[in-house]
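One structure is given here, and the rest of the page talks about it.
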Ligand SMILES: [Fe+2]
Ligand SMILES: [Fe+2]
Ligand SMILES: [Fe+2]
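Chains as they are written, first to last, in this note's numbering: chain A, 1 to 264; chain B, 265 to 358; chain C, 359 to 683.
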């Protein structure tokens, strides 16, 4: 298919656009919650093990509501679980950032920090969404995410400004993940439709506040933000995920795929 | 230098109006992280509305051999307890 | 239970002090960290609480094995919250042991190099999703049997840790039973998984209570000190009596052809586990010993830079604050 032919696809209905938006929110929390849950039992110290599990639990809880609403709006009789466990990679709408592997603890916390900073700003805006269901989810989730941000920011600061080794590892994590930051602020016809309906903000409008938030913390962490603003993309549109997502889904969806229709 | 995170004692106020109560201990690099860890470890089942942490090493405790001198004198001062006094029923609640 | 075969330490203390100490215990008083205690009491407790703590932490691994494969969002959340609780249990218990003059890091290193043990049960694998049900139902069930009486143990910090742990445990057993029940009532494949899990985990669960009383040489002193509250065989019998009807309700078969109700005794008769297998597992030859220790060692080694980095930052921050004052 040529680029022109791709563009010629019929425009989305408002309902379809809304579902896409809800999937974007819910897939972010689903995939990141899954990633963070991989740490359980393996963290550097018990207190961090427990704290990471709390973050994952919040994210899984948010997933249940976002995907539940997506399924409702879609109106095909599906459940949040159907959406989580029975879609293939190309149907996922999460940011590439959240599907990146855990790497070391530093990379996990840097990914968390970069996401939390955006997530908090987004939810703050969604609290005044014209759709009251969205506003209600944002109200609940924003409290959880405020704490996630506080914790991940403080950890990034202390590891960035810790030992030489911890500093180097955090800088490496930032360099590795920075190209995945830009995708959070891309905007397409779905975002335009959401903005027009007063459901969600245009993501591009969050960038300035994000940069301030992130650069304050990273400065305190004595870390240097890479100069390039090049952005990897394809997650939130589903056009091109990383290779990592497929492996994650293989694990996550295995039981549901192997035993279709079983109740668990 | 020893590289284990220091031990902190955690005190939580369970409900508004109650005093803080010792709930347990944990390790953290500093006071700020100790508060966060306490939140994550000790309030998972909405047990708390307020957290205090204090480095275990900073606590001065009475020694067990002082038990007699410290606490027994108060045992003989039963008049400090309201139930010590008989109040006639006719007087009403007091 | 999570502390098996705890050797009680001999004690060479002033007989008069010993007698006074025993009198306090007999009177139901709690021993607190700063109180005088026999060296043997202290050392036995460190070994027992340490082993209990290690069991909670290593116990995260077999169940953690299924977190990323949990079949629904709700099951994933429940399992994660459950395994997180186990990390909390380890934490409470390490803190209790720390009041006896040993650090968590020291205990951790003793676990990692094999000087300290953890419960044999966690050296068995979790091979299908029903194992998650069976672990909660049987393993947490057996643990509760041991931990409930330990709430009354003589050592204050241990007793308080147990009270906290017990509050969280019944959630564990119930969620486990709920998982396996759903499967026992499910498709033929699910039912097969449930039976397979019970077949593999039944005898290892019975082993959790430790060797038979007649071979268990260290109990007497520990029971006198109230750091062991029941004999191994007592608890094992209680566990079997409680579990058999629960298995029957599920329509699952306990893998013991000689299991039957003994009217005279008022208990079930059952087959003992293979104690040779038990001692093999204790020696390090269980199906998962090497993997479990490798996973704990890796987490500890990989986490070193994190622990060091955060502490270094805390020290820098304190120094800067000090300089500014
Ligand atoms: Fe436990
Ligand atoms: Fe357990
Ligand atoms: Fe448990």
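A virtual CB, placed ideally from N, CA and C, is assigned to each residue, including glycine. Remember, predicted model here, so these are calculated numbers, not experimental data.
At a Cβ threshold of 8 Å, is residue i touching chain A?
| i | result |
| --- | --- |
| residue 488 of chain C | no |
| residue 527 of chain C | no |
| residue 292 of chain B | yes |
| residue 301 of chain B | yes |
| residue 441 of chain C | yes |
| residue 289 of chain B | no |
| residue 660 of chain C | yes |
| residue 545 of chain C | yes |
| residue 624 of chain C | no |
| residue 663 of chain C | yes |
| residue 674 of chain C | yes |
| residue 484 of chain C | no |
Which residues in the same chain as residue i place their Cβ atom closer than 6 Å to its Cβ, once the five residues preceding and following it in sequence are excluded?
| i | result |
| --- | --- |
| residue 499 of chain C | 531 |
| residue 66 of chain A | 22, 25, 26 |
| residue 590 of chain C | 567, 568, 571, 574 |
| residue 29 of chain A | 59, 62, 63 |
| residue 320 of chain B | 271, 273 |
| residue 232 of chain A | 96, 179, 180 |
| residue 441 of chain C | 418, 421, 422 |
| residue 625 of chain C | 595, 599 |
Would you say residue i reaches chain C, if we count a Cβ-Cβ gap shorter than 8 Å as a contact?
| i | result |
| --- | --- |
| residue 37 of chain A | yes |
| residue 34 of chain A | yes |
| residue 316 of chain B | no |
| residue 60 of chain A | yes |
| residue 112 of chain A | no |
| residue 267 of chain B | yes |
| residue 236 of chain A | no |
| residue 165 of chain A | yes |
| residue 254 of chain A | yes |
| residue 78 of chain A | no |
| residue 251 of chain A | yes |
Strictly below 7 Å CB to CB, what residues from chain B border residue i?
| i | result |
| --- | --- |
| residue 213 of chain A | The contacting residues do not exist; residue 213 of chain A stays about 19 Å from chain B at best. |
| residue 151 of chain A | 300 |
Can you find the residues in the same chain that come closer than 7 Å, C-beta to C-beta, to residue i, ignoring five residues on each side of it along the sequence?
| i | result |
| --- | --- |
| residue 57 of chain A | none |
| residue 266 of chain B | none |
| residue 156 of chain A | 109, 110, 113, 170, 217, 221 |
Just to make sure I have the definition right: I need the residues of chain A whose C-beta is within less than 9 Å of the C-beta of residue i. Which are they?
| i | result |
| --- | --- |
| residue 341 of chain B | Under the 9 Å cutoff, chain A gives no residues; its nearest Cβ is about 44 Å from residue 341 of chain B. |
Can you pull the chain A residues whose beta carbon is under 7 Å from the beta carbon of residue i, in chain order?
| i | result |
| --- | --- |
| residue 305 of chain B | 47, 50 |
In its own chain, which residues sit with a C-beta less than 8 Å from the C-beta of residue i, not counting the 5 before and 5 after it?
| i | result |
| --- | --- |
| residue 541 of chain C | 487, 488, 491, 548, 549, 551, 552 |
| residue 517 of chain C | 388, 508, 509, 510, 511 |
Provide the residue(s) that pair with residue i in DSSP beta bridges, ordered along the chain.
| i | result |
| --- | --- |
| residue 506 of chain C | Its beta-bridge partners do not exist; DSSP assigns none. |
| residue 318 of chain B | B:273 |
| residue 626 of chain C | C:619 |
| residue 289 of chain B | B:273 |
| residue 513 of chain C | C:389 |
So which residues on chain B does residue i lean against when the C-beta distance must stay under 9 Å?
| i | result |
| --- | --- |
| residue 154 of chain A | 296, 297, 300 |
| residue 671 of chain C | 293, 294 |
| residue 446 of chain C | 305, 306, 308 |
Could you tell me whether any Cβ in chain B is nearer than 8 Å to the Cβ of residue i?
| i | result |
| --- | --- |
| residue 130 of chain A | no |
| residue 456 of chain C | yes |
| residue 668 of chain C | yes |
| residue 371 of chain C | no |
| residue 450 of chain C | yes |
| residue 463 of chain C | yes |
| residue 522 of chain C | yes |
| residue 158 of chain A | yes |
| residue 54 of chain A | yes |
Check the Cβ of residue i against every Cβ in chain C and list those closer than 8 Å, keeping chain order.
| i | result |
| --- | --- |
| residue 278 of chain B | Ordered by position in chain C, no residue passes the 8 Å Cβ test against residue 278 of chain B, which lies about 14 Å from the chain. |
| residue 346 of chain B | The premise fails here: residue 346 of chain B is roughly 28 Å from chain C at the closest Cβ pair, so nothing lies under 8 Å. |
| residue 63 of chain A | 431 |
Could you work out which residues of chain C lie near residue i, taking near to mean beta carbons separated by less than 7 Å?
| i | result |
| --- | --- |
| residue 325 of chain B | 392 |
Run down chain B in chain order and give the residues with a C-beta less than 8 Å from the C-beta of residue i.
| i | result |
| --- | --- |
| residue 453 of chain C | 271, 288, 289, 290 |
Could you list which residues in chain C have their beta carbon closer than 9 Å to that of residue i, in chain order?
| i | result |
| --- | --- |
| residue 93 of chain A | Within 9 Å Cβ-Cβ: nothing; residue 93 of chain A doesn't reach chain C, min ~17 Å. |
Starting from the N-terminal side, write out each stretch of the beta strand (DSSP E) that is 3 residues or longer and does not extend beyond the region 425-492 of chain C.
none
Could you tell me which uninterrupted alpha helix (DSSP H) segments, each at least 4 residues in length, are contained entirely in the region 513-544 of chain C, listed from first to last along the chain?
514-542
Complete runs of the alpha helix (DSSP H) confined to the region 213-260 of chain A [at least 4 residues]
243-252, 254-258
Can you list the alpha helix (DSSP H) stretches of 4 or more residues lying completely in the region 108-196 of chain A, in chain order?
132-160, 164-177, 189-196
Which runs of the alpha helix (DSSP H) fall wholly inside the region 541-604 of chain C and span at least 4 residues, in chain order?
546-565, 577-582
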